[in-house]
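One structure is given below, encoded as structure tokens.
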Amino acid sequence: MVNEPWWKQAVIYQIYPRSFYDSNGDGIGDLKGITEKLDYLQQLGIQALWLSPVCCSPQDDNGYDISDYQDIDPLFGSLDDMDELIRQASMRGIRIIMDLVLNHTSDEHPWFLEAKKSRNNPYHDFYVWREGTEGTPPNDLKASFGGSAWEWVPQCGQYYLHQFSVKQPDLNWENPQVRKEIYKMIRWWTERGIGGFRLDVIDLVAKEPDRGVMAEGRHLHEYLKEMSREVFQGRDLITVGEAWSATPERAFLYSNPDQSELSMVFQFEHIVLDQQPGGEKWDLAPLPFVTFKKTLAKWQTQLYGKGWNSLFFSNHDLPRSVSRFGNDGEYREKSAKMLALCLHGMQGTPYVYQGEELGMTNVRYEISEYRDIELLNMYRERKEAGCPEKEIMESVYAKGRDNARTPMQWNDGVNAGFTSGMPWIRVNPNYTKINAEQEIADENSVFHFYRKLIGLRKQERVLIDGRFELLLPEHDSLFAYTRENEDCVLLVICNFASAAVSYDLPGNWEDGEVLLSNGKQKFSQGILEPYDAYMVIRRKEDVQ
Ligand code: GLC
Ligand code: CA
């Protein structure tokens, strides 16, 4: 595996800093808190940590609204704390990946404070402005967090574009000066020892609002190639592009092995299937399981040898994977393990989102207990539109981003051991049953299953380079596939249903070696119990 870049062999752990671990009792997780938990992360076996944004921010969108790219928000600590985290992590072989929000800044960023003063201000052109008259925006583009994407500024007599909240004005990437400033800032971070970057909504930066085009504007890949030349190439960095709009046909551009853009793409085609066609994510629909499998399989085969994908079922913007794709009741542990095995068996770099390794679940709170701007705006808009309360809350329970943002459950003590103060968001009440301390003590826990799975990546090269083939494509509850290279064939077979199912699989796998399973030690072909998952290997020298 010597020729492969480290990030193809790595497992990345995503931290949502405000909910990870609070070191000083103010109720908000912080950098010192992460440093204190590095031994836990090392025990899990991960190679890198992606931190959601910790730069200075008014926290309108929990840090995705940055007011100073080159300093740490006092909520999370200081630059010294960041240096210390980088140092301590690196001693454990763990790299730190920063979240770079380059599509927009906060409206409190000095660039924007200048830009909005007048049309003649040197920073004016750092943002996207259009003519219009008060009350009549340039067009009807909508912001992702509700309402118009245009906001009127009287002193300029113009509107500015914001694809997200009104406090997140879009940067104007057409202005070479903007790109230059961004590259300068990225270089500054690489010199501090940052191991890589996750590029927030990078597919949106080349927006063309006059044509109604937000994602994948004409200049997008030109900008990415320029950024790569200017700051990424020649440095040992991992770069991950968040791209909701990416299709396998175009994703190889982002993640071309020639490294002309980024290391890998982070795309969502498998994530957006359980919603009504043409609706928003809040318009719930059952998961079309066969389409779900085929979507994941399509990315596996079409990107093979041409690009590199990220593997994930949840993150800070999505519900908990066990609640969404598994079963968070009777089969919580079993289905959490099944999902892990199913995901980590595919080609790409797996991401573990904090708490996923414990099988943490969604929550059902009163509306007053939620904090997320997206969720609260949606609640207000739908209330105003006369939507029944019950229906709105069902959407919140199923898809609200706060499901993934409740504090990490460390132990069964006060506030799940997350803080000695008042947590910024309520702790999931199931922490007395689901927490890290208990799982570390139990060899059969979800935590140890993840640990073993992560360990297997270091042993079995086929997990990295094996060619993917989907089996039983039309089966409505089994997800089965093989990975094959010159040395071996690996079978992954998972039951996504809460009932036992039978199936007919070509070939004999019963004498294969079970590398990992959440069921029995031995694999017997033909029937799978609820949420059973097996990873079985057949070495080619055994076969011949
Ligand atoms: C990304 C982030 C999300 C944020 C949005 C705007 O999708 O993951 O949390 O709200 O971009 O920056
Ligand atoms: Ca704190």
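Under this note's numbering, think of the first position of the sequence shown as 755, with each following residue one higher. Ideal placement from N, C-alpha and C gives every residue a C-beta, glycine not left out. Owing to the predicted nature of the structure, the values given are computational and were not obtained by experimental measurement.
Open item on the list: Is N778 near ligand 2 - that is, is its Cβ less than 7 Å away from at least one heavy atom of it?
Closed with: As a first step, residue 778 is located in the sequence shown; it is residue number 24 there, counting from the start. Yes, ligand 2 has a heavy atom inside 7 Å of this Cβ.
Open item on the list: Along the chain, where does the alpha helix (DSSP H) containing G787 start, and where does it finish?
Closed with: The residue you call residue 787 lines up with position 33 of the sequence shown. Residue range 785-790 is occupied by the alpha helix (DSSP H) that includes G787.
Open item on the list: Give me, in chain order, the residues of the same chain whose beta-carbon lies closer than 7 Å to that of L1007; leave out the 5 immediate sequence neighbours on both sides.
Closed with: Here residue 1007 refers to the residue found at position 253 of the sequence shown. Excluding positions up to five away in sequence, the list reads H975, E1015.
- [ ] Give me every residue whose Cβ sits closer than 5 Å to any heavy atom of ligand 1, in chain order.
- [x] This criterion selects D815, Y818, F918, D954, V955, D1071.
Open item on the list: Once DSSP output is grouped into helix, strand and coil, what is the label at W865?
Closed with: What you label residue 865 is simply residue 111 of the sequence shown in a count that begins at 1. Residue state, collapsed to three classes: helix.
Open item on the list: Using 8 Å as the threshold, is the C-beta distance between N1069 and A1158 below it?
Closed with: Residue numbering aside, residue 1069 sits at position 315 when the sequence shown is read from its first letter. Residue numbering aside, residue 1158 sits at position 404 when the sequence shown is read from its first letter. Yes, these two residues count as a Cβ contact at 8 Å.
Task: Neighbourhood of R846 by C-beta, 7 Å cutoff - its chain only, sequence neighbours within 5 removed - done: Locating residue 846 in the sequence shown gives position 92, where the first residue counts as 1. Exclusion of the five residues before and after R846 leaves L792, Q796 as the residues of its chain whose Cβ lies within less than 7 Å of its Cβ.
TODO: Measure the CB-CB distance between D815 and S919 and report whether it falls below 8 Å.
DONE: To locate residue 815, count along the sequence shown from 1; it is residue 61. To locate residue 919, count along the sequence shown from 1; it is residue 165. Yes, the Cβ-Cβ distance between D815 and S919 is below 8 Å.
TODO: Taking only heavy atoms of ligand 2 into account, decide whether any of them is closer than 7 Å to the Cβ of D784.
DONE: Reading the sequence shown from its first residue, position 30 is the one you call residue 784. For D784, the distance from the CB to the nearest heavy atom of ligand 2 is below 7 Å.
Task: Straight-line gap, E930 to K979 (C-alpha atoms, nearest Å) - done: Taking the first residue of the sequence shown as position 1, residue 930 is located at position 176. Taking the first residue of the sequence shown as position 1, residue 979 is located at position 225. According to the sequence shown, residue 930 is Pro rather than Glu. Roughly 14 Å between the two C-alpha positions.
Task: Straight-line gap, L854 to G1099 (C-alpha atoms, nearest Å) - done: Numbered from its first residue, the sequence shown carries residue 854 at position 100. Numbered from its first residue, the sequence shown carries residue 1099 at position 345. Here the C-alpha atom of L854 lies approximately 29 Å from the C-alpha atom of G1099.
Open item on the list: Going by DSSP in three states, S1064 sits in which element: helix, strand or coil?
Closed with: The residue labelled residue 1064 in the question sits at position 310 within the sequence shown. The answer is strand: DSSP assigns S1064 an E or B state.
Open item on the list: Can you tell me whether Q1213 is buried or exposed? The criterion is at least 16 other CB atoms within 10 Å of its CB, across all chains shown.
Closed with: Stepping through the sequence shown from its first residue, residue 1213 is reached at position 459. Counting Cβ neighbours within 10 Å, Q1213 comes out exposed, since fewer than 16 surround it.
TODO: Keeping to the same chain, check which residues put their C-beta closer than 7 Å to that of R1136; ignore five residues upstream and five downstream.
DONE: The count along the sequence shown starts at 1 and reaches residue 1136 at position 382. The residues are I1146.
- [ ] Answer yes or no: do I788 and Y775 have a C-beta to C-beta separation smaller than 8 Å?
- [x] Mapped onto the sequence shown, residue 788 falls at position 34. Mapped onto the sequence shown, residue 775 falls at position 21. Yes, Cβ-Cβ distance for I788 and Y775 is below 8 Å.
Task: Cβ separation of I1291 and C1242, assumed to be a contact under 8 Å, to the nearest whole Å - done: As a first step, residue 1291 must be located in the sequence shown, where it is residue number 537. As a first step, residue 1242 must be located in the sequence shown, where it is residue number 488. Contact between I1291 and C1242 holds: CB atoms are separated by about 6 Å, below the 8 Å threshold.
- [ ] Would you kindly work out how many angstroms separate the C-alpha atoms of N1165 and G1171, rounded to a whole number?
- [x] Along the sequence shown, read from residue 1 onward, the residue named residue 1165 stands at position 411. Along the sequence shown, read from residue 1 onward, the residue named residue 1171 stands at position 417. Taking the straight line from one Cα to the other gives about 5 Å.
- [ ] Rounded to whole angstroms, what's the CA-CA distance from T1055 to A1234? Just pull it up for me.
- [x] Locating residue 1055 in the sequence shown gives position 301, where the first residue counts as 1. Locating residue 1234 in the sequence shown gives position 480, where the first residue counts as 1. The straight-line gap separating the alpha-carbon atoms of T1055 and A1234 is approximately 14 Å.
Task: Stretch pair the segment 1126-1142 + the segment 888-908: three plus CB contacts closer than 8 Å - done: In short, these stretches touch, since the Cβ pair count reaches three.
TODO: Mind reading off the beta-carbon distance from K921 to P812? Whole number of angstroms is fine, and I expect it under 8 Å.
DONE: Looking up residue 921 in the sequence shown gives position 167. Looking up residue 812 in the sequence shown gives position 58. In this structure, K921 and P812 form a Cβ contact; the two beta carbons are roughly 7 Å apart against a cut-off of 8 Å.
- [ ] Can you give me the Cβ contacts of E1267 inside the same chain, cut-off strictly under 6 Å, excluding the 5 residues immediately before and after it?
- [x] To locate residue 1267, count along the sequence shown from 1; it is residue 513. In its chain, beyond the 5 residues on either side, I1291 have a beta carbon closer than 6 Å to the beta carbon of E1267.
Task: Residue(s) in a DSSP beta bridge with A1234 - done: As a working mapping, residue 1234 is identified with position 480 in the sequence shown. Bridge partners of A1234: L1225, I1247.
Open item on the list: For G1083 and P828, I'd like the C-alpha separation in whole angstroms.
Closed with: Position 329 of the sequence shown holds residue 1083. Position 74 of the sequence shown holds residue 828. Each residue's alpha carbon lies about 39 Å from the other.
Task: DSSP beta-bridge partners of Y914 - done: The residue given as residue 914 occupies position 160 in the sequence shown. Beta-bridge pairing links Y914 to W883, E905.
Open item on the list: Which residue marks the beginning of the alpha helix (DSSP H) containing Y1285, and which one marks its end?
Closed with: Mapped onto the sequence shown, residue 1285 falls at position 531. From DSSP, Y1285 is part of no alpha helix (DSSP H); its letter is neither H nor E.
Open item on the list: Can you list, in chain order, the residues of its chain with a C-beta nearer than 7 Å to that of A764? Leave out the 5 residues immediately preceding and following it.
Closed with: One-based indexing of the sequence shown puts residue 764 at position 10. For A764, where only same-chain residues beyond five positions count, the Cβ hits under 7 Å are Q801, A802, T1103.
Open item on the list: Rounded to whole angstroms, what is the Cα-Cα separation between D964 and Y1105?
Closed with: Locating residue 964 in the sequence shown gives position 210, where the first residue counts as 1. Locating residue 1105 in the sequence shown gives position 351, where the first residue counts as 1. Rounded to whole angstroms, the separation of the alpha carbons of Y1105 and D964 is 36 Å.
Task: Per-residue DSSP class, three states only, for L1129 - done: Along the sequence shown, one-based indexing puts residue 1129 at 375. Note: L1129 maps to helix in three-state DSSP.
Task: Contacts around E928, its chain only, beta-carbon distance under 6 Å, and the 5 residues preceding and following it disregarded - done: Your numbering for residue 928 matches position 174 in the sequence shown. If you ignore the 5 residues before and after E928, its C-beta comes within less than 6 Å of no other C-beta in its own chain.
Open item on the list: Can you give me the C-alpha to C-alpha distance between P1031 and L895, rounded to a whole angstrom?
Closed with: Numbered from 1 along the sequence shown, position 277 holds the residue referred to as residue 1031. Numbered from 1 along the sequence shown, position 141 holds the residue referred to as residue 895. P1031 and L895: Cα-Cα distance of roughly 20 Å.
Task: Which residues DSSP lists as bridging C1242, in chain order - done: The sequence position of residue 1242 within the sequence shown is 488, counting from 1. Paired residues: R1293.
Open item on the list: Quick check on the DSSP output: the beta strand (DSSP E) that includes A1139 runs from which residue to which?
Closed with: Within the sequence shown, the letter at position 385 stands for residue 1139. For A1139, there is no enclosing beta strand (DSSP E), as DSSP marks it with neither H nor E.
Task: Backbone CA spacing between I936 and L856 [nearest angstrom] - done: By 1-based counting over the sequence shown, the position of residue 936 is 182. By 1-based counting over the sequence shown, the position of residue 856 is 102. Using only the alpha carbons, I get a separation of about 8 Å.
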